[in-house]
Amino acid sequence: MRLALLAMRQCYDSRMRVGFGCAWLGAVLAIGPAASAATQEDFAELVKRGAAFSEKANYAEAISTLKKARELAPRDYTVNLLLGLDLLRSGRPKEAVEPLRVAAEVRPQDGTPEGYLGKALAAVHEFAPAAEAFHGAIARSPGAAELWTEWADFDLERFRILGLELRSTQRGMATVLRLQAEGLKSGPETREELLRQSATANPEQEGIWGELGVEEQQRGMREKAAAALKTAREQQPQASWTLRLEAMMAAAAGDWRIAESGLLELGGRSQAGLGRAMQSWPRNLVPQEGVGGEIWACARKGSTACLDRISFPGGEVPKQEEQLYAEERWERLAALPEPSSEGTMYRAPGDALKRAPTNSLTGYAQAAAWFRRGVALAELDDCGRAAPPLERGLEPGGEMAAYWLEFCYAAEAERAVDRLSALGNAVAVHRLRGDMLVRVNGDAQAATEEYTQAIHLSPKDAGLSERLAQAYLSLGDMQRAQQAAREALTLDPHRRTTLRLLASIAMNERDYQGALVFLNRMLAMDPNDAWTRVQTGIAYAQTGQAEQALHHLQPALAAGYPDERGALHATLAGVLRKLGREQEAQRAAEEASRLSDRFQQHPQTSVDDHQ
0 MRLALLAMRQ
10 CYDSRMRVGF
20 GCAWLGAVLA
30 IGPAASAATQ
40 EDFAELVKRG
50 AAFSEKANYA
60 EAISTLKKAR
70 ELAPRDYTVN
80 LLLGLDLLRS
90 GRPKEAVEPL
100 RVAAEVRPQD
110 GTPEGYLGKA
120 LAAVHEFAPA
130 AEAFHGAIAR
140 SPGAAELWTE
150 WADFDLERFR
160 ILGLELRSTQ
170 RGMATVLRLQ
180 AEGLKSGPET
190 REELLRQSAT
200 ANPEQEGIWG
210 ELGVEEQQRG
220 MREKAAAALK
230 TAREQQPQAS
240 WTLRLEAMMA
250 AAAGDWRIAE
260 SGLLELGGRS
270 QAGLGRAMQS
280 WPRNLVPQEG
290 VGGEIWACAR
300 KGSTACLDRI
310 SFPGGEVPKQ
320 EEQLYAEERW
330 ERLAALPEPS
340 SEGTMYRAPG
350 DALKRAPTNS
360 LTGYAQAAAW
370 FRRGVALAEL
380 DDCGRAAPPL
390 ERGLEPGGEM
400 AAYWLEFCYA
410 AEAERAVDRL
420 SALGNAVAVH
430 RLRGDMLVRV
440 NGDAQAATEE
450 YTQAIHLSPK
460 DAGLSERLAQ
470 AYLSLGDMQR
480 AQQAAREALT
490 LDPHRRTTLR
500 LLASIAMNER
510 DYQGALVFLN
520 RMLAMDPNDA
530 WTRVQTGIAY
540 AQTGQAEQAL
550 HHLQPALAAG
560 YPDERGALHA
570 TLAGVLRKLG
580 REQEAQRAAE
590 EASRLSDRFQ
600 QHPQTSVDDH
610 Q
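Under numbering that gives the first Met the number 0, think of the first position of the sequence shown as 0, with each following residue one higher.
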């Protein structure tokens, strides 16, 4: 049994290309105790056959066979793990959840099944339990580099999706600007400029005016800081950022007693909040030795550790978690029991920040409690534990929940890279650094350098060449993008993402005949893929093949394929006219005009913009 577990661990692969020879060995070695003596022989034969089917990528037969084995031993570790993996590989992640959950329960010391469980849950948009599963898998197997890689990939994909959602509204863009002020973007703007743009875009953000004023005061922009303080006092008088700004302004005026009083009040709410304030407290606003006060003694030492020994002012502490949140008492809020997760709703990409309220008032209240808990944990720098409650509270928390999720996912991805570096996995480190530069920092040029280093270490990894191609594409370097993509396709001729990338480059270059080569290969792999059918229709239309264009375009649009700007309906109208179907062409043209007018009045970009 121990040997089987070791074999399975060694064969775990972050891209789910498990070494099936190892998996088969694990299956054979693990069958004994799970099944009764009467059925052990049948059980062993079923597992052996199921593993053999899996090895040949015959997942339908493998799944059928392994399900029969599972009936004989419902809680066998290896059967549940192999069944879950095959369901996941065959595009059935919802069905994979249960066997993977059982495998994780049976072997709580092994993080492998829980890592795959996280992938399955993420695939069905159950992001809160997915984050919990990844976090649990890492806790079980902290030395498994593959699990850290999977966790970082999950973090960065959620960062990307949430970022796209935020950018679709003005309030969301305000959140993005505030995140960029935290250093999550490479660009020429200063932190003060980004915060001011954020406050202008959404002046109602929690603490935004105090945060802006603190930055302005630190930069010596006293008049602007005073104006920000006035607004903060009017709109958010109880916010911790307002307290920090008041204390800083008092210190700048030499009123050390008022400044100390404000800082003590801040510490009475949250020692973590006070610690952050003192870490960034300007040295020129620390009084000389003659001014008393424990706060100033700590500041002169440049130490936040001594803050723990300060007795902060007492007072009545609220018991309701809503009031604890309002007063930003993060430690007390985080110490409360977890809310119930029953009735909590999980949202698919694209609707988390654009949805109607849930019909269940109880479910909404629970989600709001999860949101407040998530913020408290994030404020306490516990991002690994903060992500699941923030995901559960994304609906009531709105942009503020998305802010902390973006912040925490970026922080967790960086933590994973640091851990992988310590584990000596240089390829994953360079690859993930490249991914972070693209998705978090928006620096594709620097990303190409990281991907190139990863390729040097692992030249036969098609995924690395594919990422390099995507980075070059975002830089507008089509020649290098094509070269890298073709190298990826040489290594793996069946990579759909690479084929799509090459097709997109050809379409952008108006090489429609060249695009059709890649699009037809993609259709052979998946005839029902909507994006491929639409792009194929466009390519045929541009090459004068009207019948073929109509065959691909019309069904996709009739099925609801997104056409925000009306361009696809306009193309369809042109094709119909060439075929002499004037009435249908007129209707398509009218729809194109309607969509175009609506987009001009209410421009927005969908999360998955296929055009």
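No residue lacks a Cβ here, since even glycine has one placed at the ideal position from N, Cα and C. As the structure is a computational prediction, the values presented were derived from the model and not from experiment.
*asked:* Tell me the residue span of the alpha helix (DSSP H) that contains M399.
replied: Stepping through the sequence shown from its first residue, residue 399 is reached at position 400. Note, M399: alpha helix (DSSP H), 393-422.
*State whether the region 160-171 contacts the region 139-148, with contact taken as three or more CB pairs (one from each stretch) at a distance under 8 Å.*
no
*Excluding five sequence neighbours on each side, which residues of the same chain lie with their C-beta closer than 7 Å to the C-beta of A385?*
Taking the first residue of the sequence shown as 1, we reach residue 385 at position 386. Answer for A385: G373, L376, A377, W403, C407, listed in chain order.
*Can you give the Cα-Cα distance for G289 and S302, rounded to whole angstroms?*
Here residue 289 refers to the residue found at position 290 of the sequence shown. Here residue 302 refers to the residue found at position 303 of the sequence shown. If you take the alpha carbons of G289 and S302, they lie about 19 Å apart.
*Rounded C-beta distance between E222 and L194? I'm assuming under 8 Å.*
One-based indexing of the sequence shown puts residue 222 at position 223. One-based indexing of the sequence shown puts residue 194 at position 195. No, E222 and L194 are not in contact; Cβ-Cβ is about 16 Å, not under 8 Å.
_Own chain, CB closer than 6 Å to A484, minus 5 neighbours either side, in chain order_ = Residue 484 sits at position 485 when you count from the first residue of the sequence shown. Taken in chain order, the residues that qualify are A468, T497, L500, L501.
*Closest by CA to M399, which one among R371, T148, E326, L515?*
Taking the first residue of the sequence shown as 1, we reach residue 399 at position 400. Closest option to M399, Cα to Cα, is R371.
_With a threshold of 8 Å between beta-carbons, can E60 be considered close to chain B, or not?_
Absent from the structure is chain B; it holds one protein chain and no more.
*So does the region 465-481 actually touch the region 423-437, counting three or more Cβ pairs closer than 8 Å?*
yes
*Give the DSSP-derived three-state secondary structure of Q600 in the structure shown.*
Walking along the sequence shown from the start, residue 600 turns up at place 601. Three-state DSSP puts Q600 in a helix.
*Going straight from the alpha carbon of T447 to that of Q482, what length do you get?*
Taking the sequence shown and counting its residues from 1, the one referred to as residue 447 is at position 448. Taking the sequence shown and counting its residues from 1, the one referred to as residue 482 is at position 483. Cα to Cα, T447 sits roughly 13 Å from Q482.
*Pull up the CB-CB distance for A144 and L422, whole angstroms please, since I reckon it's below 8 Å.*
As a working mapping, residue 144 is identified with position 145 in the sequence shown. As a working mapping, residue 422 is identified with position 423 in the sequence shown. A144 to L422, Cβ: 5 Å. Contact.
*On the three-state DSSP scale, how would you describe K55?*
Mapped onto the sequence shown, residue 55 falls at position 56. Coil, per DSSP.
*Quick one: residues in its chain with C-beta nearer than 7 Å to the C-beta of L518, no 5 flanking neighbours on either side, listed in chain order?*
The residue labelled residue 518 in the question sits at position 519 within the sequence shown. Excluding sequence neighbours, L518 sits near A502, T531, Q534, T535, A538.
*Look at the Cβ atom of W280, then the Cβ atom of A298, and state whether they are nearer than 8 Å.*
Within the sequence shown, residue 280 is the residue found at index 281, counting from 1. Within the sequence shown, residue 298 is the residue found at index 299, counting from 1. It is a contact, given that the beta carbons lie within the stated cut-off.
*W615 lies in the alpha helix (DSSP H); which residues open and close that run?*
This structure does not reach residue 615, given that the chain is present from 0 up to 610, and the question cannot be answered.
_On the DSSP letters alone, give me the boundaries of the alpha helix (DSSP H) that Y76 sits inside._
Here residue 76 corresponds to residue number 77 of the sequence shown, with the count starting at 1. First-last of the alpha helix (DSSP H) with Y76: 76-88.
_Local Cβ density within 10 Å of W23, reported as buried at 16 or more and exposed below that_ = To locate residue 23, count along the sequence shown from 1; it is residue 24. Note on W23: pLDDT 38, under 50, position unreliable in the model; the coordinate value appears next. It counts as buried.
_Between the CA atoms of W329 and P107 - distance to the nearest angstrom_ = By one-based count along the sequence shown, residue 107 stands at place 108. By one-based count along the sequence shown, residue 329 stands at place 330. Cα to Cα, P107 sits roughly 31 Å from W329.
*Can at least three beta-carbon pairs, one atom from the region 43-59 and one from the region 68-75, be found at a separation below 8 Å?*
yes
*Could you pull the start and end residues of the alpha helix (DSSP H) that V123 belongs to?*
To locate residue 123, count along the sequence shown from 1; it is residue 124. Segment: none, V123 is in no alpha helix (DSSP H) and carries neither H nor E.
*asked:* Taking the alpha helix (DSSP H) that C297 belongs to, which residues open and close that run?
replied: Locating residue 297 in the sequence shown gives position 298, where the first residue counts as 1. That run of the alpha helix (DSSP H) goes 293-300.
*Among the residues of its own chain, which have a CB less than 8 Å from the CB of S89, if the five just before and after it don't count?*
Reading the sequence shown from its first residue, position 90 is the one you call residue 89. Closer than 8 Å at Cβ, skipping near neighbours: Y58, A59, I62.
*Proximity below 8 Å, CB of A127 to CB of G110*: One-based indexing of the sequence shown puts residue 127 at position 128. One-based indexing of the sequence shown puts residue 110 at position 111. Contact: no.
*Exposed or buried, A26, counting other C-beta atoms within 10 Å across all chains shown (16 or more means buried)?*
Reading the sequence shown from its first residue, position 27 is the one you call residue 26. Bear in mind that a pLDDT of 41 at A26, under 50, signals an unreliable position, so the model cannot answer this.
*For E321, the three-state DSSP class (helix, strand or coil)*: As a working mapping, residue 321 is identified with position 322 in the sequence shown. The answer is helix: DSSP assigns E321 an H, G or I state.
*Pull up the distance between the alpha-carbon of Q544 and that of V516, whole angstroms please.*
Counting from 1 along the sequence shown, the entry for residue 544 is found at position 545. Counting from 1 along the sequence shown, the entry for residue 516 is found at position 517. Approximately 15 Å between the Cα atoms of the pair.
*Just how far apart, CA to CA, sit G573 and S592?*
Locating residue 573 in the sequence shown gives position 574, where the first residue counts as 1. Locating residue 592 in the sequence shown gives position 593, where the first residue counts as 1. Approximately 13 Å, taken between the alpha carbons.
*Distance between I454 and D460 (C-alpha atoms, nearest Å)*: Within the sequence shown, the letter at position 461 stands for residue 460. Within the sequence shown, the letter at position 455 stands for residue 454. C-alpha separation (whole angstroms): 7 Å.
*Distance between S595 and G266 (C-alpha atoms, nearest Å)*: Here residue 266 refers to the residue found at position 267 of the sequence shown. Here residue 595 refers to the residue found at position 596 of the sequence shown. Approximately 55 Å, taken between the alpha carbons.
*Quick one, which of G397, R232, E191, L183 has its alpha-carbon nearest G171's?*
The sequence position of residue 171 within the sequence shown is 172, counting from 1. The residue with the shortest Cα to Cα distance from G171 is G397.
*Beta-carbon proximity check, A151 vs V416, cutoff 8 Å*: Within the sequence shown, numbered from 1, the residue matching residue 151 stands at position 152. Within the sequence shown, numbered from 1, the residue matching residue 416 stands at position 417. Taking 8 Å as the Cβ cut-off, A151 and V416 qualify as a contacting pair.
*From what residue to what residue does the alpha helix (DSSP H) around H551 run?*
Translated into positions along the sequence shown, residue 551 becomes position 552. 545-557 is the extent of the alpha helix (DSSP H) around H551.
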